[in-house]
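Position one of the sequence shown corresponds to residue 72 (this note's numbering), numbered consecutively onward. First the structure, in the form of structure tokens, and then the observations on it.
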Amino acid sequence: LNINKVTDELNSLKLDVMEAQKNDNPDLTDLASINTMLTGMRDQLGREQEAVGQLNSTLSKVSQNSSARIELFYNDLNRVQGKISQLEDDNKNISSRFDSLDQTMNAALLDVKENLSSLTKSADESDSKSQHDTPLRKGPRDKKSLDSH
């Protein structure tokens with residue numbers, strides 16, 4: 072924006088100088104004033120160029136810094152993705168182990184139920200056999216009743 076102003080002013084000065092040359096009536100005070108303005112503008116242009124150089128340098132540093140940060144972020148992202156993948160694999164392995172353990176435990180539980188049922192059935196059969204095989208015992212009441220007769 073300032074550079075455009077400077078360029079416009081220089082063009083205006085050049086036109087003024089060209090008009091002065093056409094008139095063949097050079098006014099020395101105008102030329103001295105133009106030279107002074109031209110020197111001021113050159114100084115200002117130098118300062119503007121220096122500011123643009125500093126801005127370019129700053130932008131270059133920011134760009135390099137941003138590139139380094141992006142690279143670090145990308146590396147971290149790759150590490151995190153690797154760890155997530157490893158956790159997913161571990162999760163699948165653990166799920167598989169739990170499924171296998173669940174099947175084993177269910178089979179063992181069924182065996183225990185079958186064994187308990189078998190034992191209960193055997194115990195019931197044994198009880199019922201022993202009640203049929205043994206004669207009726209006479210208890211103390213039976214003795215009293217016999218004595219009183």
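Using N, Cα and C, we set each Cβ at its ideal position, and we do this for glycine too.
- When the five nearest sequence neighbours on each side are left out, no beta carbon in the same chain lies closer than 6 Å to the beta carbon of threonine 107.
- The alpha-carbon separation between glutamine 152 and serine 167 amounts to approximately 23 Å.
- Cα atoms of lysine 154 and glutamate 142: separation of roughly 18 Å, rounded to the nearest angstrom.
- When the Cα atoms are used, alanine 178 and leucine 187 turn out to be separated by approximately 14 Å.
- Taking the C-beta atoms as reference points, valine 77 is found nearer than 7 Å to leucine 116.
- With a beta-carbon spacing of about 13 Å, leucine 109 and leucine 86 fall beyond the 8 Å limit used to define contacts.
- The Cβ atoms of asparagine 73 and glutamate 119 lie closer than 7 Å to each other.
- Rounded to whole angstroms, the separation of the alpha carbons of threonine 129 and glutamate 90 is 43 Å.
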